[in-house]
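Everything below concerns the one structure shown next.
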Amino acid sequence: MSRIEVKDVSKSFKDTQALSCVNLCFEENTIYGLLGRNGAGKSTLLNIINNRLFADSGRVTLDNKSLTENTDALSSCFLANESNLYPEGMKVSQALKWSQEFYPDFDREYAKKLCESFKLPVKKKIKDLSTGYRSIFQNIVALSVNVPFVFLDEPVLGLDACHRDLFYRTLIEKYSEQPFTIVISTHLIEEAANLIEHVVIIKNGEIIRNEPLDTLLDSGYCISGPGAKIDAYMEGKEVIGVDTLGGLKTAYVMGAPASQLPSGTEVSKMDLQKLFIRLTDGA
Ligand SMILES: Nc1ncnc2c1ncn2[C@@H]1O[C@H](COP(=O)(O)OP(=O)(O)OP(=O)(O)O)[C@@H](O)[C@H]1O
């Protein structure tokens, strides 16, 4: 089993401690969600893993080989983020051709198919692409490189709703046909919740949660039913959010549901976004 290990990694920029002694593993063939508020340290972590930034201390290894010192190991990883590694004046079609030089398993035919699905203007220069299409270009390369570890830093930045939907569907299709590890850093938690298998939450440069999505969601539950019954049920419980729709109320409650539930109420899984806000807000 191939795995990336991040060991005691710290990084500061002048007086900002961006990462403080981060320890975590990315196992093979798993979809991770890397979640954190603005400035939490997500991009710094992804850049360090992919050798685009040096850590002040600590190590990142792939199967015990350093990703900083071993180019073979590094070629098993691909990071798609806002920084473009291709010459800005290069056309998209040329860039796809070039990708094959750097990544021998790059599937150019598949990339071309994706360009058609997303209507990416392949004759345009990279510098002339709109914000959304720059992200789409990066995502297409990421989905076509065929390396075991792909890191996507805000992959849906600037994408319209139709393109986000197409991107999620394409990613799931690719993953189910040919599994690999995908680490997605995103702020669109509700949308990503349908893809993620394992959640890593980072707060102020520290990992505060690192567990399978289902385990995390089991730290609480939703209860829905008539408003008055839910109000009575909530008393004395740790409620992290409430939604009301007409006479129907849904409360998001931490802990395990009471063994005796009020009649007419229904319990369902906790909501990832509600839980994220609860875990990461300043209070
Ligand atoms: N090159 C840099 N110089 C100075 N400070 C930096 C630099 N890069 C990152 N930082 C700081 O490190 C912290 C972590 O930034 P990082 O970009 O990793 O956060 P993030 O979780 O990716 O945020 P966002 O979701 O807003 O993109 C922030 O306080 C940021 O201002």
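Letter 64 of the sequence shown, counting from 1, is numbered 64 in the UniProt record's numbering, and no numbers are missing.
Every residue, glycine too, gets a C-beta built ideally from N, C-alpha and C.
The structure presented is a predicted model; accordingly, all values stated were derived computationally and were not measured.
Which same chain residues end up closer than 7 Å to residue i when comparing Cβ atoms and leaving out the 5 residues on each side of it in sequence?
i: residue 107; result: 144 and 146
i: residue 142; result: 78, 80, 150 and 152
i: residue 102; result: none
i: residue 55; result: 9, 10, 11 and 48
i: residue 29; result: 179, 180 and 181
i: residue 264; result: 225, 226 and 229
i: residue 172; result: 195
Which one or two residues does DSSP pair with residue i in a beta bridge?
i: residue 248; result: 226 and 245
i: residue 17; result: 12
i: residue 153; result: 185
i: residue 135; result: DSSP output for residue 135 lists no bridge partner at all.
i: residue 90; result: Answer is none; residue 90 lacks a bridge partner.
Distance check for residue j and residue i, CA to CA, integer angstroms please.
i: residue 159; j: residue 258; result: 42 Å
i: residue 174; j: residue 206; result: 32 Å
i: residue 34; j: residue 235; result: 34 Å
i: residue 280; j: residue 208; result: 9 Å
i: residue 266; j: residue 59; result: 47 Å
i: residue 41; j: residue 18; result: 5 Å
i: residue 233; j: residue 239; result: 10 Å
i: residue 69; j: residue 170; result: 33 Å
i: residue 248; j: residue 260; result: 20 Å
i: residue 245; j: residue 251; result: 12 Å
i: residue 163; j: residue 74; result: 30 Å
i: residue 185; j: residue 157; result: 11 Å
i: residue 202; j: residue 120; result: 33 Å
i: residue 43; j: residue 231; result: 41 Å
i: residue 191; j: residue 161; result: 10 Å
i: residue 128; j: residue 25; result: 38 Å
i: residue 241; j: residue 254; result: 10 Å
i: residue 210; j: residue 216; result: 9 Å
i: residue 95; j: residue 37; result: 33 Å
i: residue 100; j: residue 140; result: 13 Å
i: residue 1; j: residue 63; result: 8 Å
I think residue i touches residue j, with their Cβ atoms under 8 Å apart; what is that distance to the nearest whole Å?
i: residue 136; j: residue 118; result: 5 Å
i: residue 182; j: residue 31; result: 5 Å
i: residue 123; j: residue 97; result: With a Cβ gap of about 13 Å, residue 123 and residue 97 do not count as contacting.
i: residue 76; j: residue 148; result: 5 Å
Ligand 1 and residue i: does any heavy atom of the ligand fall closer than 7 Å to the residue's C-beta?
i: residue 54; result: no
i: residue 192; result: no
i: residue 42; result: yes
i: residue 158; result: no
i: residue 36; result: yes
i: residue 16; result: yes
i: residue 236; result: no
i: residue 39; result: yes
i: residue 151; result: no
i: residue 276; result: no
i: residue 180; result: no
i: residue 167; result: no
i: residue 13; result: yes
Who are the near neighbours of residue i in its chain, counting only those whose CB is closer than 8 Å to its CB and skipping five residues on each side?
i: residue 189; result: 33, 35, 272, 273 and 276
i: residue 213; result: 33, 193, 196, 197, 198, 199 and 272
i: residue 7; result: 23, 58, 59, 60 and 61
i: residue 84; result: 126, 134 and 138
i: residue 45; result: 6, 9, 19, 22, 34 and 202
i: residue 115; result: 92, 96, 122 and 140
Going along the chain, which residues of its own chain have a beta-carbon closer than 6 Å to the beta-carbon of residue i, five neighbours each way excluded?
i: residue 268; result: 222
i: residue 27; result: 3
i: residue 65; result: 73
i: residue 86; result: 95 and 126
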